[in-house]
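Data first, discussion second: the structure below is written as structure tokens.
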Amino acid sequence: MKLKEIYNKDKKPLNGEKIKISFEVFPPKNGEAGFEDLFTELEILKKYNPSLVSLTYGAGGSSNDSMKLTEALCRKFNLMPHFTCVRSSKDEVARHIKEIETLGIENILALRGDIPEDKTVYKKDFKYANELVSFIREKTDLSIGVAGYPEGHIDAPDIYSDIENLKKKVDAGAQAIFTQLFYDNEKFFHYIELVRNAGITLPIIAGIMPILSIKQMTRITSMAKISIPEEIKNNLEKFKDSPEDLKSFGIDYVSRQCEGLIGNSNIAGLHFYTLNKAFTTSKILENIL
Ligand code: FAD
Numbered sequence: 229m230k231l232k233e234i235y236n237k238d239k240k241p242l243n244g245e246k247i248k249i250s251f252e253v254f255p256p257k258n259g260e261a262g263f264e265d266l267f268t269e270l271e272i273l274k275k276y277n278p279s280l281v282s283l284t285y286g287a288g289g290s291s292n293d294s295m296k297l298t299e300a301l302c303r304k305f306n307l308m309p310h311f312t313c314v315r316s317s318k319d320e321v322a323r324h325i326k327e328i329e330t331l332g333i334e335n336i337l338a339l340r341g342d343i344p345e346d347k348t349v350y351k352k353d354f355k356y357a358n359e360l361v362s363f364i365r366e367k368t369d370l371s372i373g374v375a376g377y378p379e380g381h382i383d384a385p386d387i388y389s390d391i392e393n394l395k396k397k398v399d400a401g402a403q404a405i406f407t408q409l410f411y412d413n414e415k416f417f418h419y420i421e422l423v424r425n426a427g428i429t430l431p432i433i434a435g436i437m438p439i440l441s442i443k444q445m446t447r448i449t450s451m452a453k454i455s456i457p458e459e460i461k462n463n464l465e466k467f468k469d470s471p472e473d474l475k476s477f478g479i480d481y482v483s484r485q486c487e488g489l490i491g492n493s494n495i496a497g498l499h500f501y502t503l504n505k506a507f508t509t510s511k512i513l514e515n516i517l
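Just so you know, this note's numbering puts 510 at position 282 of the sequence shown, and the rest follows in order with no gaps.
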């Protein structure tokens with residue numbers, strides 16, 4: 229099912245519940261050997277009837293394994309593979325999207341990716357994601373999702389110019405916006421307001437990441453603009469020697485965060501960054517659905 233249909237306001241969530249749910253996974257670092265574990269985790273999450281499952285691109289794992297995983301997942305789920313263009317020439321992109329379409333996949337998340345420092349892998353056929361969106365639009369019938377950044381992309385001078393650039397992806401043919409994860413709903417509501425004021429009417433799907441460990445929180449905040457509210461900071465400190473208590477706090481916090489998002493007519497769905505583990509995401513879903 230295509231993004232436009234999934235996130236159509238009049239269409240009820242597949243889980244029959246309060247909000248449309250989707251899950252993000254990544255190719256296991258140990259390649260094909262790790263597929264079985266991933267399928268086991270996804271089997272647990274399947275009962276929440278996700279509208280789609282998305283698969284990241286380029287972060288670890290060989291491209292051969294990624295394609296095998298894409299093939300396996302698209303037989304089980306409505307799969308939205310991600311694709312980043314900075315390391316690919318136009319010909320390579322054309323081949324890749326053709327391959328995906330041949331598998332019967334209907335959606336793709338079109339991304340620029342992080343600019344590689346290694347000049348030999350940076351192809352420069354596509355400078356920004358809006359160029360990739362136009363290219364895919366011209367070549368295929370794939371329904372295209374794009375990334376949005378509630379606190380601004382890390383390279384953008386400010387949120388306003390980042391939203392102007394988001395508009396370029398929308399004008400090029402994107403059909404839904406999947407956001408970077410966030411923990412501060414107020415910042416997210418402000419972002420939605422700015423996006424709508426910019427004349428962007430596309431469905432916005434909120435990026436949700438369970439809180440698992442101090443290491444994980446330190447890593448994500450070093451890579452992207454993501455504010456960590458005081459309540460989380462305090463509990464990271466309080467439970468620094470007690471991972472199970474931290475996990476419980478995280479489940480409680482993110483469940484409350486999701487409850488604060490459900491019911492807002494500008495939020496078309498919740499997209500869970502599962503980190504390939506079912507436990508925490510399913511606990512949150514049990515709390516909110
Ligand atoms: P763009 O939309 O091109 O934006 C990049 C920067 O350039 C921004 O600062 C923007 O303001 C600016 N910009 C955009 N267009 C223009 C323009 N026309 N002129 C001037 N400036 C412009 N990375 C991976 O490697 N693999 C993944 O699978 C992956 N999945 C992701 C999923 C989601 C939901 C999100 C939010 C991010 C994901 N990323 C992934 C990270 C992403 O690749 C990086 O954040 C990357 O740096 C930017 O990609 P983009 O598509 O947002 O780029």
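Even for Gly, the Cβ is constructed at its ideal location relative to N, Cα and C.
In this text the structure is predicted, and so the values were computed from the model without any measurement.
Option in the options with minimal Cα separation from residue i
i: residue 366; options: 322, 392, 510, 398; result: 322
i: residue 303; options: 331, 314, 256; result: 331
i: residue 235; options: 509, 500, 513, 496; result: 496
i: residue 494; options: 247, 233, 454; result: 247
i: residue 259; options: 469, 296, 386; result: 296
i: residue 455; options: 440, 504, 416; result: 416
i: residue 464; options: 449, 445, 240; result: 445
i: residue 292; options: 305, 267, 256; result: 256
i: residue 453; options: 382, 515, 251; result: 382
i: residue 498; options: 443, 410, 505; result: 410
i: residue 362; options: 294, 271, 400; result: 400
i: residue 426; options: 267, 396, 505; result: 396
i: residue 511; options: 443, 439, 385, 460; result: 439
i: residue 285; options: 265, 310, 274, 273; result: 310
heavy atom of the ligand FAD below 7 Å from residue i C-beta
i: residue 312; result: yes
i: residue 357; result: yes
i: residue 393; result: yes
i: residue 170; result: In the structure displayed, the chain extends from 229 to 517; residue 170 sits before or after that span and is not available.
i: residue 386; result: no
i: residue 187; result: Residue coverage of the chain in this structure runs from 229 to 517, which leaves residue 187 outside it and unanswerable.
i: residue 284; result: yes
i: residue 340; result: yes
i: residue 375; result: yes
i: residue 396; result: yes
i: residue 381; result: yes
i: residue 407; result: yes
i: residue 337; result: yes
i: residue 259; result: no
i: residue 401; result: no
i: residue 435; result: yes
Cut-off 8 Å between Cβ atoms - residues of its own chain near residue i, not counting five sequence neighbours on either side
i: residue 307; result: 280, 281, 282, 283, 298, 301, 333, 335
i: residue 376; result: 394, 405, 406, 407, 408, 419, 423, 432
i: residue 467; result: 473, 474, 477
i: residue 344; result: 314, 315, 350
i: residue 357; result: 313, 338, 339, 340, 374, 375, 397
i: residue 442; result: 464, 468, 474
i: residue 448; result: 409, 437, 454
Buried or exposed by the 16-neighbour rule on C-beta atoms within 10 Å, applied to residue i
i: residue 451; result: exposed
i: residue 404; result: buried
i: residue 350; result: exposed
i: residue 371; result: buried
i: residue 462; result: exposed
i: residue 278; result: buried
i: residue 294; result: buried
i: residue 390; result: buried
i: residue 508; result: buried
i: residue 379; result: buried
Three-state secondary structure assigned by DSSP to residue i
i: residue 324; result: helix
i: residue 308; result: strand
i: residue 361; result: helix
i: residue 406; result: strand
i: residue 245; result: coil
i: residue 261; result: helix
i: residue 349; result: coil
i: residue 384; result: coil
i: residue 497; result: strand
i: residue 251; result: strand
i: residue 281; result: strand
i: residue 231; result: helix
i: residue 433; result: strand
i: residue 506; result: coil
Nonlocal neighbours in the same chain, by C-beta distance under 7 Å from residue i, ignoring five residues either side
i: residue 398; result: 428, 430
i: residue 243; result: 249, 276, 277, 517
Contacts around residue i, its chain only, beta-carbon distance under 6 Å, and the 5 residues preceding and following it disregarded
i: residue 513; result: 276
i: residue 353; result: 317, 318
i: residue 437; result: 409, 501
Distance cut-off 7 Å: residue i Cβ against heavy atoms of the ligand NAD
i: residue 315; result: The ligand NAD is not part of the structure shown, which contains the ligand FAD as its ligands.
Beta carbon proximity, residue i to chain D, threshold 8 Å
i: residue 331; result: Looking for chain D here will not work: only one protein chain is present.
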